[in-house]
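Numbering (this note's numbering), first residue to last: 5 to 443.
Some notes on the structure that comes next.
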């Protein structure tokens, strides 16, 4: 029987001795899960556009590439940390360079009481059994290729826990830096975040670049909020222009828990974010605000799924997209209200702006309701700049490029205005403005 032809991407996957070198490789259940996920990925390969979840994101070019696994020089690469610092974010910091934890660049000396923050490699040495639920998952859906890959090859990541009733006031900064290297590298990170009952945290997840490179990284995050917990999560993605970044974030909210997300997608050539939220407890709430600003041939794909599974849950999602030149943006926003989830109140707004005849934005709102007494609404638009507003600004002496940038920035402002950290909000707003087209 002929063996299926494997793509260069699959052929370049590391062999068994690489798995043996990962942290926790001496833990039987973890080793079994890694091997099973890697075998499943190798058998199925990368998904194509016939898989519904990947309908708008073709991976043909990625399938022809080979990536070296890991970076032997990551521990000594020079990184300008002050240049990557964020205003208003001065609390504990974990730094990873090309997927490798850098203690010398991190700031963990004085963690507040009730906050546990460790790299995954260390957490596996100290308490592997405590991570069993999060790391032993087998991904079986056709569209889960990168989650399988991450589950089999993740060499590090973050384990963050906040004790019951503890409010961590200083934002925690997770900084993932892609640095220039001799070869195209591939690395995989797994983050586990848990807020116990009544805890609260501000978390800043920051993907940045130090030099031009074409690396591939995958990041999978499992976030659990116990009863009454509160999370403010900022995701700032400013990766290198040619980098590929595939992320999956899974949130589970218990009763009266509240998560707020502000997501900004600016960098990368191929960016994909699967964001899945389950409102599992009564009166849980999830608010998300997101924006992507693309140019050149950038491609950003966000798959947002919010599942209401308990009584009187609420969600509000506001997303904006801007695409210029030959870029392409994708937003799938799905709201699912399960049977028995009465009292759910859900809304999703997706508004998008095309700044070029060659740019493309695909937005796909979905609504599935299996319960009674539900309020749910969604809407999606794709349009162009208001010519009358543009004419008005120009008639006041504002140059065309500046008027265009002002209108585009105003269009995006709705997703940032309620970010609680004022200094960070101002910085992010300026960063967004710098990525908007000038002509």
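Ideal placement from N, C-alpha and C gives every residue a C-beta, glycine not left out.
Since we're looking at a predicted model, the values are computed, not measured.
Reference residue i, options the options, closest by Cα
i           : options            : result
residue 191 : 205, 165, 159      : 159
residue 135 : 125, 104, 54       : 125
residue 172 : 224, 388, 235      : 235
residue 294 : 254, 266, 377      : 266
residue 233 : 221, 270, 17, 287  : 287
residue 227 : 245, 162, 100      : 162
residue 412 : 34, 296, 208       : 296
residue 319 : 32, 24, 308        : 308
residue 44  : 106, 157, 393      : 157
residue 390 : 31, 357, 361, 62   : 357
residue 363 : 201, 395, 300, 305 : 300
residue 269 : 255, 261, 238, 254 : 238
residue 133 : 388, 31, 426       : 31
residue 377 : 355, 347, 404      : 347
residue 201 : 260, 88, 343       : 260
residue 155 : 33, 67, 86         : 33
residue 212 : 119, 93, 249       : 249
residue 12  : 67, 42, 51         : 67
residue 166 : 138, 145, 196      : 196
residue 359 : 328, 98, 343, 185  : 328
residue 305 : 354, 289, 336, 281 : 336
residue 42  : 59, 52, 18         : 18
residue 343 : 424, 375, 76       : 375
residue 405 : 440, 144, 129, 231 : 440
residue 423 : 193, 388, 53, 291  : 291
residue 409 : 429, 388, 426      : 388
residue 386 : 144, 35, 355       : 355
residue 55  : 145, 253, 231, 186 : 145
9 Å Cβ cutoff met for residue i and residue j
i           : j           : result
residue 71  : residue 242 : no
residue 78  : residue 149 : no
residue 247 : residue 219 : yes
residue 463 : residue 279 : Here the chain comprises residues numbered 5 to 443, so residue 463 is not present and cannot be evaluated.
residue 352 : residue 314 : no
residue 380 : residue 349 : yes
residue 181 : residue 140 : no
residue 208 : residue 240 : yes
residue 338 : residue 317 : no
residue 341 : residue 366 : no
residue 444 : residue 216 : Past the edges of the chain, shown from 5 to 443, lies residue 444, and the structure says nothing about it.
residue 127 : residue 224 : no
residue 394 : residue 414 : no
residue 57  : residue 147 : yes
residue 63  : residue 121 : no
residue 88  : residue 179 : yes
residue 420 : residue 433 : yes
residue 109 : residue 177 : no
residue 23  : residue 29  : yes
residue 222 : residue 115 : no
residue 281 : residue 298 : no
residue 100 : residue 123 : yes
residue 508 : residue 27  : Residue 508 is absent from the model: the chain starts at 5 and stops at 443.
Distance between beta carbons of residue j and residue i, contact taken as under 8 Å
i           : j           : result
residue 74  : residue 103 : 7 Å
residue 210 : residue 251 : At roughly 13 Å, the Cβ-Cβ gap does not stay under 8 Å, so residue 210 and residue 251 are not in contact.
residue 331 : residue 302 : 4 Å
residue 111 : residue 91  : Not quite, the Cβ-Cβ distance comes to about 16 Å (not below 8 Å), so this is no contact.
residue 174 : residue 203 : Not quite, the Cβ-Cβ distance comes to about 14 Å (not below 8 Å), so this is no contact.
residue 436 : residue 416 : 6 Å
residue 285 : residue 245 : Not really, about 41 Å apart at Cβ, beyond 8 Å.
residue 46  : residue 14  : 6 Å
residue 273 : residue 142 : That belief does not hold up - the Cβ atoms of residue 273 and residue 142 are roughly 30 Å apart, past 8 Å.
Short CB-CB distance (under 9 Å) between residue i and chain C
i           : result
residue 215 : Of the protein chains in this structure there is only one, and it is not chain C.
Query raised in the report: Within the chosen definition, does the segment 366 to 377 reach the segment 394 to 404 through at least 3 CB pairs nearer than 8 Å?
Result: No, they do not touch.
Requested in this report: Return the chain-ordered ranges of every alpha helix (DSSP H) run that is complete within the segment 122 to 149 and spans a minimum of 4 residues.
Outcome: The segment 122 to 149 contains these whole alpha helix (DSSP H) runs: 124 to 131, 136 to 139.
Requested in this report: Jot down the residue ranges of each uninterrupted beta strand (DSSP E) in the segment 193 to 273, minimum 3 residues, whole runs only, in chain order.
Outcome: Within the segment 193 to 273, the complete beta strand (DSSP E) runs of at least 3 residues are 204 to 214, 220 to 229, 234 to 241, 248 to 257, 262 to 269.
Query raised in the report: Counting pairs of beta carbons, one from the segment 318 to 326 and one from the segment 81 to 92, are three or more of them closer than 8 Å?
Result: Pairwise C-beta distances place the segment 318 to 326 out of contact with the segment 81 to 92, as fewer than three of them are shorter than 8 Å.
Query - Segments assigned alpha helix (DSSP H), at least 4 residues, entirely inside the segment 353 to 417 - result: List check, alpha helix (DSSP H) in window: 391 to 399, 404 to 416.
Query raised in the report: Fully enclosed by the segment 44 to 119, which alpha helix (DSSP H) runs are 4 residues long or longer?
Result: Counting whole runs of 4 or more residues, the segment 44 to 119 contains the alpha helix (DSSP H) stretches 64 to 67, 85 to 88.
Report task. Can you check the segment 164 to 193 for any beta strand (DSSP E) of at least 3 residues that lies completely inside it and give the ranges in chain order? Result -> Every unbroken stretch of the beta strand (DSSP E) spanning 3 or more residues and falling wholly within the segment 164 to 193 is given here in chain order: 176 to 183.
Query raised in the report: What beta strand (DSSP E) runs, 3 residues minimum, are completely inside the segment 267 to 345?
Result: Counting whole runs of 3 or more residues, the segment 267 to 345 contains the beta strand (DSSP E) stretches 274 to 283, 289 to 298, 303 to 312, 318 to 327, 332 to 341.
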